[in-house]
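J.: Sharing a structure, written as structure tokens. Questions coming.
2 protein chains.
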Amino acid sequence: MTMAQRDTYTPETLLAVAVEVFIERGYDGTSMEHLSRAAGISKSSIYHHVRGKEELLQRAVGRALDGLFGILEEPGAQAGRAVERLEHVTRRTAEVLMGELPYVTLLLRVRGNTETERWAMERRREFDHRVTDLLKAAAAEGDLRDDVDLRLATRLLFGMINSIVEWYRPAHADSGLHRDEVADAVVRLAFDGLRR
Amino acid sequence: MTMAQRDTYTPETLLAVAVEVFIERGYDGTSMEHLSRAAGISKSSIYHHVRGKEELLQRAVGRALDGLFGILEEPGAQAGRAVERLEHVTRRTAEVLMGELPYVTLLLRVRGNTETERWAMERRREFDHRVTDLLKAAAAEGDLRDDVDLRLATRLLFGMINSIVEWYRPAHADSGLHRDEVADAVVRLAFDGLRR
Numbered sequence: 746m747t748m749a750q751r752d753t754y755t756p757e758t759l760l761a762v763a764v765e766v767f768i769e770r771g772y773d774g775t776s777m778e779h780l781s782r783a784a785g786i787s788k789s790s791i792y793h794h795v796r797g798k799e800e801l802l803q804r805a806v807g808r809a810l811d812g813l814f815g816i817l818e819e820p821g822a823q824a825g826r827a828v829e830r831l832e833h834v835t836r837r838t839a840e841v842l843m844g845e846l847p848y849v850t851l852l853l854r855v856r857g858n859t860e861t862e863r864w865a866m867e868r869r870r871e872f873d874h875r876v877t878d879l880l881k882a883a884a885a886e887g888d889l890r891d892d893v894d895l896r897l898a899t900r901l902l903f904g905m906i907n908s909i910v911e912w913y914r915p916a917h918a919d920s921g922l923h924r925d926e927v928a929d930a931v932v933r934l935a936f937d938g939l940r941r
Numbered sequence: 746m747t748m749a750q751r752d753t754y755t756p757e758t759l760l761a762v763a764v765e766v767f768i769e770r771g772y773d774g775t776s777m778e779h780l781s782r783a784a785g786i787s788k789s790s791i792y793h794h795v796r797g798k799e800e801l802l803q804r805a806v807g808r809a810l811d812g813l814f815g816i817l818e819e820p821g822a823q824a825g826r827a828v829e830r831l832e833h834v835t836r837r838t839a840e841v842l843m844g845e846l847p848y849v850t851l852l853l854r855v856r857g858n859t860e861t862e863r864w865a866m867e868r869r870r871e872f873d874h875r876v877t878d879l880l881k882a883a884a885a886e887g888d889l890r891d892d893v894d895l896r897l898a899t900r901l902l903f904g905m906i907n908s909i910v911e912w913y914r915p916a917h918a919d920s921g922l923h924r925d926e927v928a929d930a931v932v933r934l935a936f937d938g939l940r941r
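Which chain is which? The protein sequence lines are Z and V, in order. Mapping the first sequence onto the numbering used here, position 76 (from 1) lands on 821, and the numbers just tick up by one. Mapping the second sequence onto the numbering used here, position 6 (from 1) lands on 751, and the numbers just tick up by one.
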């Protein structure tokens, strides 16, 4: 269709609505009908923007993955001792998670029933492996404790970071928990622990 | 019904089946029909054991909660410096999670649509508060770092521990990750961090 649409959606704002619905109902449980109702526009208007719900999923998790992989290209992740690069990646991963909260939340919930979901899971694993490699490099430089298996440490590190999606809400920023405070806490606890 | 049933289920084994179905389909998405099919017995046989699916949910999350609250009554959680009691509770929480994996997984996924779910969430919050109190006591004794908000630290600590349900499987115990190794890693990282 090339006629003017009555909806005022851009691909960007439609994506934001779709992500909320995917998180609420699960991707599998979401139909184009659900998306149409949530967006308040007809299904054909949605098809004006995208080929279908899988394209919306792909754009949404792609946005989260671009944010995460972008971290690995930052100067702080490229130069310096591995433990410092790891610290940078840890802080920035927490920040990207909070900055792109719904997109990363969706990425973390993807379960692998479609090609796009399997691609997203594969890319997520790839990111995890890149971080495990950083842990290995930091251990080789003698900066990490040597009594914890590094893959297990990576899992627990991501467990801590990813759990932020369970409770962090930007609206809460005024009630005490600022994004910087959360990112600082993650870095402090991950690298130096609770104990004084 | 008081006649002999053809099924060989006990309330215990029926519970184990129900928990798997609740985790797979979500509690809301599970009908008595789904439970009947998964257990391979008729609905009336299930009603011989329990009043309905909410009773199964209540028993399942009750089992997880009994395990968690039981930790707080153990000698290691009762005597000694607060930081040592906190360390005991951290280790034992990880152990109970792995030992009662499906029950704790279900507890962590409960969302609050029914009275039983709201009760479970309330009890879970109560457990978190008891742990936050331990952190406060350890901080007051000067044993915890003072640059991280204690409620935030509690959230991140549970984030790390609870994330174990995402990847730990008892069957994997032979392939390298033993329960003790995971619990040790959690305690080391939580208290002393990754850095050497």
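Think of the CB as a built atom: it goes at the ideal place given N, C-alpha and C, for glycine as much as any other residue.
Which bits of chain Z does V:Trp-912 rub up against, with CB to CB less than 7 Å?
T.: In chain order: Arg-900.
J.: How long is the line joining the alpha carbons of V:Arg-868 and V:Glu-860, rounded to whole angstroms?
T.: Distance between the alpha carbons of V:Arg-868 and V:Glu-860: 12 Å.
J.: Between V:Leu-922 and chain Z, is any beta-carbon pair separated by less than 9 Å?
T.: Yes, its Cβ sits closer than 9 Å to a Cβ of chain Z.
J.: Rounded to the nearest angstrom, what separates Z:Asn-858 and V:Arg-890 at their Cα positions?
T.: Z:Asn-858 and V:Arg-890: Cα-Cα distance of roughly 44 Å.
J.: Assuming Z:Pro-915 is part of the alpha helix (DSSP H), what are its boundary residues?
T.: Neither: Z:Pro-915 is in no alpha helix (DSSP H) and is coded neither H nor E.
J.: Name the residues in the region 841-866 of chain Z whose C-beta lies less than 7 Å from a C-beta of chain V; which are they?
T.: Those would be none; no residue qualifies.
J.: Could you check if V:Gly-724 is buried or exposed, using at least 16 other CB atoms within 10 Å of its CB as the buried criterion?
T.: Since the first and last residues shown for chain V are 746 and 941, residue 724 of chain V lies out of range.
J.: List the endpoints of the continuous alpha helix (DSSP H) containing Z:Val-841.
T.: Per DSSP, Z:Val-841 belongs to the alpha helix (DSSP H) from 827-844.
J.: How many Å lie between Z:Leu-922 and V:Ile-786 at the Cα?
T.: When rounded, the distance between both Cα atoms is 50 Å.
J.: Flag this pair as yes or no: are the beta carbons of V:Ala-898 and V:Glu-845 separated by less than 9 Å?
T.: Contact flag unset, no.
J.: Cβ of V:Gly-821 less than 9 Å from any chain Z Cβ?
T.: Taking Cβ atoms only, chain Z never reaches closer than 9 Å to V:Gly-821, which makes this a no.
J.: Could you check the C-alpha separation between V:Leu-759 and V:His-794 for me, to the nearest Å?
T.: Those two C-alpha atoms are separated by around 8 Å.
J.: Just checking, does the region 789-806 of chain V make contact with the region 815-830 of chain V on the three C-beta pairs under 8 Å criterion?
T.: In short, these stretches do not touch, since the Cβ pair count stays below three.
J.: Since Z:Phe-872 meets chain V, which of its residues come closer than 9 Å, beta carbon to beta carbon?
T.: The contacting residues do not exist; Z:Phe-872 stays about 15 Å from chain V at best.
J.: Okay, do the region 901-917 of chain Z and the region 872-884 of chain V touch, 3+ Cβ pairs below 8 Å being the bar?
T.: Touching, no.
J.: Is Z:Leu-922 helix, strand or coil when you go by DSSP?
T.: Coil at Z:Leu-922, not helix or strand.
J.: Z:Ala-865 and Z:Val-855: beta carbons closer than 9 Å?
T.: Yes. Within cutoff.
J.: Check Z:Arg-941 in the structure and name its three-state DSSP category.
T.: Coil.
J.: Taking C-beta to C-beta, are Z:Ile-768 and V:Gly-904 nearer than 9 Å?
T.: Not closer than 9 Å, so no.
J.: Between V:Ala-930 and chain Z, is the shortest Cβ-Cβ distance under 9 Å, so that the two count as touching?
T.: True, the Cβ-Cβ gap to chain Z drops below 9 Å.
J.: Got a sec, what are the start and stop residues for the alpha helix (DSSP H) Z:Asn-907 sits in?
T.: Residues 895-907.
J.: Give me the Cα-Cα distance between V:Gly-774 and Z:Glu-862, rounded to the nearest whole angstrom.
T.: If you take the alpha carbons of V:Gly-774 and Z:Glu-862, they lie about 22 Å apart.
J.: Counting only Cβ pairs nearer than 9 Å, list the residues of chain V close to Z:Asp-937.
T.: The contacting residues are Arg-890, Asp-937, Gly-938, Leu-939 and Arg-940.
J.: Cutting at 6 Å between CB atoms, please list the residues of its own chain near V:Gly-821, excluding the five before and the five after it.
T.: If we look at V:Gly-821 and ignore the five residues flanking it on each side, its Cβ neighbours are His-833.
J.: Below 8 Å on C-beta distance, what does V:Leu-934 contact in chain Z?
T.: Residues of chain Z passing the Cβ test: Val-893, Ala-898, Leu-901, Leu-902, Ala-935 and Gly-938.
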